Amino acid sequence: MAKDSISARGDLRLTRITKSYGDFTAVDDLTLTIPKGSFFALLGPSGCGKTTTLRMVAGLEEPTGGSIHLGDTDITTTRPYQRPINTVFQNYALFPHLTIFENIAFGLRRRGIKDVKEQVEKVLNLVELPHLAERKPMQLSGGQQQRIALARAIVNRPALLLLDEPLGALDLKLRRQMQIELKWIQREVGLTFVHVTHDQEEAMTMADTIAVMNEGKIEQMGSPADLYDDPETAFVANFLGQSNLIKGKIDANDGDNLVVDLYGQKISMSKKRSHAVDNSLYAGIRPEKFRISRLGTPVRGNTLSGGRIEDVSYIGVSTQYVVAMPWGQELMVFEQNDDGVAPFNKGDEVNISWEPNFTFGLRGDEDVDAGTEVNPEELEE
Amino acid sequence: MSQKIKDASIPTIPVKARFSRWFGRNLLRIYMIFGFTYLFIPVAYTFVFSFNDSGKSNLIWKGFTLSNWQNPCGAPEVCKALGNSIKIGLLATIFSTILGTMIAFAIGRYKFKGRSSSNLLIFLPMATPEIVLGASLLSLFLVFKINPGFWPTVIAHVVFCISFVVVTVKARIASLDPRLEQAAMDLYANELETFRRVTLPLVAPGIAGAALLAFSLSFDDFIITNFNSGTLITFPKFVYVSAARGIPAQANVIGSAMFFLALAIVIAAQLVKRKRTR
Amino acid sequence: MSFPKVRVPYLLLLPGFAFLFTFFILPIINLAQTSTQTRVAGGDTGEYEQTLAFGNYIQAFVDNKEQFGRSFLYATLATVFALAIAYPLAYAIAFKSGKFKNILLVLVVAPFFTSFLLRTIAWKQILGEEGFVVPGLRSLHIIGEQTTLTSTSIAVVAGMTYNFLPFMTLPLYASLERIDPRTIEAAGDLYANGITAFRRVTVPLSLPGVVAGTLLTFIPAAGDYVNAAILGSPNTKMIGNVIESRYFKIVDYPTAAALSFTLMAAILVLVTLYIRKAGTEELV
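Chains as they are written, first to last, in our numbering: chain A, 17 to 397; chain B, 46 to 323; chain C, -2 to 281.
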């Protein structure tokens, strides 16, 4: 049956996967389905178990418990070379002793495929590096090595392509460019991509579906927009972009809406977006959803009054304000620089307002700092 | 889900796969045990026979005694030979470490005309069989009417130790991050201070390793020594010469003691290194 | 610094290279000169004059071609055996020893410190008539009453294999340890099973270590005479034994020099060809 696993196709299903190293549980009872043809991202800080999950799918680690299926085929314990799955390794792992051509031909030759030359040339054209075929990996730049690593994997037309922090070693500009290219190539070749990263922007740019992982478990899964607009936990709210989380109490139940009391000021929000389990909750608002207005100016939607501008940073496309509220909390506000309104100054007294629909609600017993202390850039391996 | 595939694959493949992986791992472990046993059989033999109550010829086991260890100079030639070997070893180590380290810095840190031919000159003594090194030096000494003996032996040892010192120290220099030196200069250290405060301390473990290597090469050398030492007896030479009529057990004592001493030095160095990195 | 920077490397090289020139290059030149001398007619033992007698080389080679052949055969065999024994050992230490890595490395070098002569003589005694191996094998009828283990060419090759094993293991370990384990994982990911991954990735990437290890074993083995002297018999004499006796017993310096020079030249040619073939220039 092992021979058959190589031709397996279909959705990838992880069922109750656990991986422990002694006392440490890297992946904890994880169940997940990745639909065929999707661009799926596993996002989380380092040590959250995302790379371990990827390595189990690749066959480089064996799960302590649970099963992995590709379509109807159980591949939990098959060897890496028996799986129709290829990996773009972190730092690429190109074979330093082989030419670029032979690196890409490696997998084809192992499977005894006939038209090696033709296929390698085709994929080199796809990644736009046909002129480098006879070079050695060491002679290539980081961006070129990245593309070759990708070419070496997709030339095999795997059922599943795994990308382990594939852009981690590139500089910011090149990373942005490669993100767009990767997305384009995925559409072009129509493979299932599973992408592991700690960079939330990267995950949001490329993936159709993101699973946010924390401490070996999936916190939340959904489209980038779902995760951003309606995070279910403080960890997701903080790890994906920034959030203002204000402690409050549910006052009244008004049809589809909730009336929430935030330190004596009443606001309203959609009931669908509340994940509170009792009366206490945190109201979450993204910084760019806030509008700042001077005292006396008419405003729409929810309003919190009594703010004072503490800090102003002009960053071109927007201006970032820190607004101190009467209850001692500082809120982060991003204002687009598009309305010709004179910027506010430090010390100005202001009101803050936003559309009620932009509010999300988290359980009142959450740790509001979850996901903030982890600075992904610092933890990069 | 297809129940058929699941049933067929789970009981057969994992067992087989796990077994082959277990076997693969442990085959190497078993092999490793055999390999190390092979390496240590003569060492153990030498150690055991250092307790032999053998008299002159230490060929057959005649009974256990501690007297060889209590009185390692019981065979006086052994101690004299050992003393010569240590003296020659120390001098050869000092000279070859100084000369070799200088060469290593020149080749490892500078780009200059003749760098590749310098590398070749360092490689050549290593590619020359010891017997040719020893014989050619002896011929030279004979031409200049210098009698073989202590100093010719020291010189001969320096010749073959230099290359090993250069290679060892060069490897250490190559692994240094050049930015450390740049950082030192950025922080107002001139070339000399940079070398003294940053480069040298970082290369020091490599130099120490090279010195240890030079000493052990010199101490254990027989072929080159045999050509250039004349009537001077070193420890390996003593062992070789007395092999025919049986080696006194005191030689086994010295050999075993050297083994444990070297082991202690290496382990102590490892412990210091671990403490520092902690 | 007070002197121009360009001169720094040359100043650093000067003492060492002056030393090597005097005590390595000059002796080799002198050796070449000695090799074409002939005996002074009616002179004392050891008195020779330069006559450019290149015939010395032919004479020396013809007289000793058997020992030459033996030297290269034994050295090749010892190198091959040492590689076969050391490769799995180095592989195990590099990839399978976890936190014991440093201890195992120390253990590879440790036997060094008991004088190699003592260890070679220990082998002689273990495998000799008074040792415990031969009587044991005889009583089990594995070997005949007349068969001996020492004084054979097998014993000489085995002794050399043993003595040069650490020289083979250390460079192999160094190059295996440098391999990024992810490249081996990548081979598995690209449909290579364990054996193919080993053959296509691990072996080629460890080639520099193989080249260094085989050179460090072959060169000293080809010039060795100690193993042959202790573990062998007159029938296992190597070229080293001949050179040694020409110097010390027969006092025939020109022949000894011609033999030494031939040995050195042969090794250099072989080494150059070998490095070319292996494509590893970084050693030099």
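For every residue, glycine included, the Cβ atom is placed at its ideal position computed from N, Cα and C. Computed from a prediction, not measured in an experiment: that's the story for all the values here.
Using a C-beta cutoff of 8 Å, does Phe40 of chain A count as contacting chain C? For this step, residue 40 of chain A is matched to residue 24 along the first sequence. With 8 Å as the cut-off, Phe40 of chain A does not count as an interface residue toward chain C.
Alpha-carbon to alpha-carbon, Glu44 of chain C and Asn297 of chain B: For the purposes of this step, residue 297 of chain B is taken as residue 252 along the second sequence, with counting starting at 1. For the purposes of this step, residue 44 of chain C is taken as residue 47 along the third sequence, with counting starting at 1. Roughly 42 Å separates the two Cα atoms.
Here's the rule: buried if 16 or more other CB atoms are within 10 angstroms of the residue's CB, otherwise exposed. What is Ser263 of chain B? For the purposes of this step, residue 263 of chain B is identified with residue 218 of the second sequence, where counting begins at 1. Ser263 of chain B is buried by the Cβ-count criterion.
For Trp343 of chain A, the three-state DSSP class (helix, strand or coil): In the first sequence, residue 343 of chain A corresponds to position 327, counting from 1. Trp343 of chain A falls in the coil class under three-state DSSP.
Phe129 of chain C, buried or exposed, once every other Cβ within 10 Å from all chains shown has been counted against 16: Position 132 of the third sequence, counting from 1, holds the residue named residue 129 of chain C. The residue in question, Phe129 of chain C, is exposed, as its Cβ has fewer than 16 Cβ neighbours within 10 Å.
If you measure between the beta carbons of Gln258 of chain A and Met348 of chain A, is that distance less than 8 Å? Here the question's residue 258 of chain A lines up with position 242 in the first sequence. Here the question's residue 348 of chain A lines up with position 332 in the first sequence. Going by C-beta atoms, Gln258 of chain A is nearer than 8 Å to Met348 of chain A.
Counting only beta-carbon separations shorter than 8 Å, does Arg173 of chain A have a partner in chain C? Counted from its first residue, the first sequence places residue 173 of chain A at position 157. It does not; no Cβ of chain C falls within 8 Å.
Going along the segment 175 to 190 of chain C in order, which residues come within less than 8 Å of chain A, judged by CB to CB distance? Asp177, Arg179, Thr180, Glu182, Ala183, Ala184, Gly185, Asp186, Leu187, Tyr188, Ala189 and Asn190
Should Ile200 of chain B be flagged as near chain C, meaning a C-beta pair shorter than 8 Å? Residue numbering aside, residue 200 of chain B sits at position 155 when the second sequence is read from its first letter. So, interface residue.
Please check if any C-beta of chain C sits within less than 8 Å of the C-beta of His113 of chain A. Mapped onto the first sequence, residue 113 of chain A falls at position 97. Answer yes: the Cβ-Cβ gap between His113 of chain A and chain C drops below 8 Å somewhere.
Proximity test, Cβ basis, 8 Å: Met261 of chain C and chain A: For this step, residue 261 of chain C is matched to residue 264 along the third sequence. By this cut-off, Met261 of chain C is not an interface position.
Which same chain residues end up closer than 6 Å to Thr249 of chain A when comparing Cβ atoms and leaving out the 5 residues on each side of it in sequence? Within the first sequence, the letter at position 233 stands for residue 249 of chain A. So the qualifying residues of the chain are Glu235.
Tell me where the alpha helix (DSSP H) around Met237 of chain A begins and ends. As a position in the first sequence, residue 237 of chain A is number 221, starting the count at 1. That residue, Met237 of chain A, is in no alpha helix (DSSP H); its beta strand (DSSP E) goes Lys233 to Gly238.
According to DSSP, is Gly133 of chain C helix, strand or coil? Walking along the third sequence from the start, residue 133 of chain C turns up at place 136. Of the three classes helix, strand and coil, the one that applies to Gly133 of chain C here is helix, per DSSP.
In three-state DSSP terms, what is Tyr222 of chain C? Translated into positions along the third sequence, residue 222 of chain C becomes position 225. Residue state, collapsed to three classes: coil.
Between B:Trp114, B:Ala180 and B:Phe205, which has its C-alpha nearest Phe245 of chain C's C-alpha? As a position in the third sequence, residue 245 of chain C is number 248, starting the count at 1. Taking only the C-alpha atoms, the option nearest Phe245 of chain C is B:Ala180.
Can you list, in chain order, the residues of its chain with a C-beta nearer than 6 Å to that of Ala18 of chain A? Leave out the 5 residues immediately preceding and following it. Mapped onto the first sequence, residue 18 of chain A falls at position 2. Only weak support exists for where Ala18 of chain A lies, its pLDDT of 44 falling under 50; the coordinates are left without a value.
Are the segment 222 to 234 of chain C and the segment 144 to 152 of chain C in contact at 8 Å, needing three or more beta carbon pairs? yes
Determine, using beta carbons only, whether Ile192 of chain C comes closer than 8 Å to chain B. Mapped onto the third sequence, residue 192 of chain C falls at position 195. So, not an interface residue.
Span of the alpha helix (DSSP H) around Val333 of chain A: Numbered from its first residue, the first sequence carries residue 333 of chain A at position 317. Segment: none, Val333 of chain A is in no alpha helix (DSSP H) and carries neither H nor E.
Ignore the nearest five residues each way along the sequence and tell me which others in Gly251 of chain B's own chain have a CB closer than 8 Å to its CB. Working through the second sequence from its first residue, we reach residue 251 of chain B at position 206. Thr213, Val214, Ala216, Arg217 and Ile218.
Enclosing alpha helix (DSSP H) for Arg224 of chain B [first to last residue]: Locating residue 224 of chain B in the second sequence gives position 179, counting from the first residue. Pro223 to Asp231 is the span of the alpha helix (DSSP H), which, as asked, contains Arg224 of chain B.
Give the single residue among A:Gly63, A:Ala299 and A:Leu110 whose Cα lies nearest to the Cα of Gly158 of chain A. Counted from its first residue, the first sequence places residue 158 of chain A at position 142. Per the Cα distances, A:Leu110.
Using a Cβ-Cβ cut-off of less than 9 Å, list which residues of the segment 190 to 216 of chain C approach chain A; keep chain order. Asn190, Gly191, Thr193, Ala194, Arg197, Val198, Pro201, Leu202 and Leu204
Backbone CA spacing between Met46 of chain B and Ala165 of chain A [nearest angstrom]: Counted from its first residue, the second sequence places residue 46 of chain B at position 1. Counted from its first residue, the first sequence places residue 165 of chain A at position 149. Bear in mind that the predicted position of Met46 of chain B carries a pLDDT of just 37, short of 50, making it unreliable; the figure below should be weighed with that in mind. Approximately 34 Å between the Cα atoms of the pair.
Could you tell me which residues DSSP puts in a beta bridge with Ala299 of chain A? The residue labelled residue 299 of chain A in the question sits at position 283 within the first sequence. Paired residue(s): A:Ile262 and A:Gly377.
Report the neighbours of Arg95 of chain A on chain D: residues whose CB is nearer than 9 Å to its CB, in chain order. Annotation note: the requested chain D is absent from the structure, which comprises protein chains A, B and C.
Length of the line joining the Cα atoms of Pro56 of chain B and Ala275 of chain C: By 1-based counting over the second sequence, the position of residue 56 of chain B is 11. By 1-based counting over the third sequence, the position of residue 275 of chain C is 278. With a pLDDT of only 38 at Pro56 of chain B, under the threshold of 50, the placement of this residue in the model should not be trusted; the figure read from the coordinates follows. Taking the straight line from one Cα to the other gives about 46 Å.
Determine the chain C residues that contact Pro87 of chain B at a beta-carbon separation under 8 Å, and present them in chain order. Your numbering for residue 87 of chain B matches position 42 in the second sequence. Ordered by position in chain C, the residues that pass the 8 Å Cβ test against Pro87 of chain B are Pro108, Thr111, Leu115, Arg116, Thr117, Ala119, Trp120, Ile123 and Tyr159.
Leaving out the 5 sequence neighbours to the left and right, which residues in its chain are closer than 7 Å to Tyr84 of chain C when beta-carbon positions are compared? Within the third sequence, residue 84 of chain C is the residue found at index 87, counting from 1. Taken in chain order, the residues that qualify are Leu169.
Nearest-angstrom Cα separation, counted from Leu213 of chain C out to Ile133 of chain B: Here the question's residue 133 of chain B lines up with position 88 in the second sequence. Here the question's residue 213 of chain C lines up with position 216 in the third sequence. Using only the alpha carbons, I get a separation of about 24 Å.
Report the three-state DSSP secondary structure of Trp106 of chain B (helix, strand or coil). Taking the first residue of the second sequence as 1, we reach residue 106 of chain B at position 61. In this structure, Trp106 of chain B counts as coil in the three-state DSSP scheme.
From this set, C:Leu102, C:Ser112, C:Ala189 and C:Leu114, which residue's C-alpha is nearest Ala121 of chain A's C-alpha? Within the first sequence, the letter at position 105 stands for residue 121 of chain A. The shortest C-alpha separation from Ala121 of chain A is found at C:Ala189.
Pull up the distance between the alpha-carbon of Arg243 of chain C and that of Glu174 of chain C, whole angstroms please. Start at 1 with the first residue of the third sequence, and residue 243 of chain C comes out as number 246. Start at 1 with the first residue of the third sequence, and residue 174 of chain C comes out as number 177. Cα to Cα, Arg243 of chain C sits roughly 45 Å from Glu174 of chain C.
Give the single residue among B:Ala288, B:Leu232 and B:Lys125 whose Cα lies nearest to the Cα of Thr279 of chain B. Within the second sequence, the letter at position 234 stands for residue 279 of chain B. Residue B:Lys125 is the option with its Cα nearest to Thr279 of chain B.
Helix, strand or coil at Tyr97 of chain A [DSSP, three-state]: The residue you call residue 97 of chain A lines up with position 81 of the first sequence. Three-state result, Tyr97 of chain A: helix.
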